[in-house]
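Visitor:
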Amino acid sequence: MVRSALTLVHAISGHLRPADHSRYSETNSSPQARQFFVGGNFKMNGSKDSIQTIVQNLNSASLPSNVQVVIAPPAPYLFWAAEHNKKPTVEVAAQNCYDKASGAYTGEVSAVALKDLGIPWVILGHSERRIIFKESDELIASKTKFALDSGLKVILCIGETLEEKKAGKTLEVCKRQLQAVLDVVSDWTNIVIAYEPVWAIGTGLAATAEDAQEIHKDIRTFLSTAIGSQAESVRILYGGSVSGKNAKDFRGKEDVDGFLVGGASLKPEFVDIIKSRE
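Just so we're aligned: 30 in the numbering used here is position 30 of the sequence shown, and the numbers increase by one with no gaps anywhere.
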């Protein structure tokens, strides 16, 4: 039976809880105490049954209270997942939004609508959006600014292709992608950066923990030239074939503040990744 849009909004709004930022205050009391963050990007995968299983696994798991978890189901299941999530440390993200509040933009997602329905996060700048949908650095920057202005928090993805890596342009590419956002956003309080080398996404290849630490440190140093000491509080995630097996390798890397997980977020090992700092 198809419910009306109004009924759906009321049903969802009644179950969604606003993010409780007070639970993060202890771990964020100093710039050096950046809270560990694990994001799960389901991409265009999953069914109602499989996503229900993922959410139930998270609900029943004994998750560390000091780890922030954000899952990003496909748009049709976004509000359903938010409604059934029972964990206060788990939140939900959209995988995309546009840089306009409303209008004749068929198929696009409004940041204002996401905020209206209690969805707190959005992923922007993912390499699949940049490559497949031809999103430019400037469009991603505009979308990031509008999402922030609309009250959302942003997981901002950056990263180089294999060709750019071979040419020694990793940092150059990351700087270019970040600079576009720096040109329009001065307050990075609600941005989490996800460094995702394109050559490692879905390939089974992954940067070593040492390589990830080096580029994350370089990214933070670059940020500090633009936003000063605020850069010390910005979390930088690693993404690219992260698994339950290799997640522990990144422990002790001071500039690796968590992970943005792809395929493994659809599997039970996602919980192992969340617990990888224990």
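Built from N, CA and C at the ideal position, the CB exists for glycine as well.
#1: Take VAL55 and list the residues in its own chain whose beta-carbon comes closer than 7 angstroms to its own, dropping the five residues that flank it on each side.
#2: With respect to the alpha helix (DSSP H) encompassing CYS174, which residues constitute its N-terminal and C-terminal limits?
#3: Suppose you measure from the CA of ILE123 to the CA of LYS275; what does that come to, to the nearest Å?
#4: Would you check if the distance between the CB atom of GLY40 and the CB atom of GLY159 is smaller than 9 angstroms?
#5: Quick one: grab the DSSP three-state call for GLY118.
#6: Taking only three categories from DSSP, how would you classify GLU135?
#7: List the endpoints of the continuous alpha helix (DSSP H) containing GLN68.
#8: Taking C-beta to C-beta, are GLY118 and CYS157 nearer than 9 angstroms?
#9: DSSP beta-bridge partners for TYR238?
#10: If ASP99 and PHE42 are in contact, beta carbons under 8 angstroms, what's the gap, nearest whole angstrom?
#11: Select from THR221, ALA180, SER241, VAL234 the residue whose C-alpha is nearest the C-alpha of TRP199.
#12: Straight-line CA distance for ALA104 to CYS97?
#13: What's the C-alpha gap between GLN177 and PRO268?
Guide: In this structure, then:
#1: Excluding the 5 residues flanking it on each side, VAL55 has same chain C-beta neighbours closer than 7 angstroms at ALA81, HIS84, ASN85, in chain order.
#2: For CYS174, the enclosing alpha helix (DSSP H) starts and ends at 170 to 182.
#3: C-alpha of ILE123 to C-alpha of LYS275: approximately 22 angstroms in a straight line.
#4: GLY159 sits away from GLY40, with the two beta carbons spaced by 9 angstroms or more.
#5: Under the three-state reduction of DSSP output, GLY118 falls in the coil class, being neither helix nor strand.
#6: Here GLU135 sits in coil by DSSP.
#7: Run containing GLN68: none in the alpha helix (DSSP H); it sits in the beta strand (DSSP E), 67 to 72.
#8: No Cβ-Cβ contact shorter than 9 angstroms links GLY118 with CYS157.
#9: Per DSSP, TYR195, PHE259.
#10: ASP99 to PHE42, Cβ: 23 angstroms. No contact.
#11: Ranking the options by Cα distance to TRP199, first place goes to SER241.
#12: Cα-Cα distance, rounded: 14 angstroms.
#13: Roughly 33 angstroms separates the two Cα atoms.
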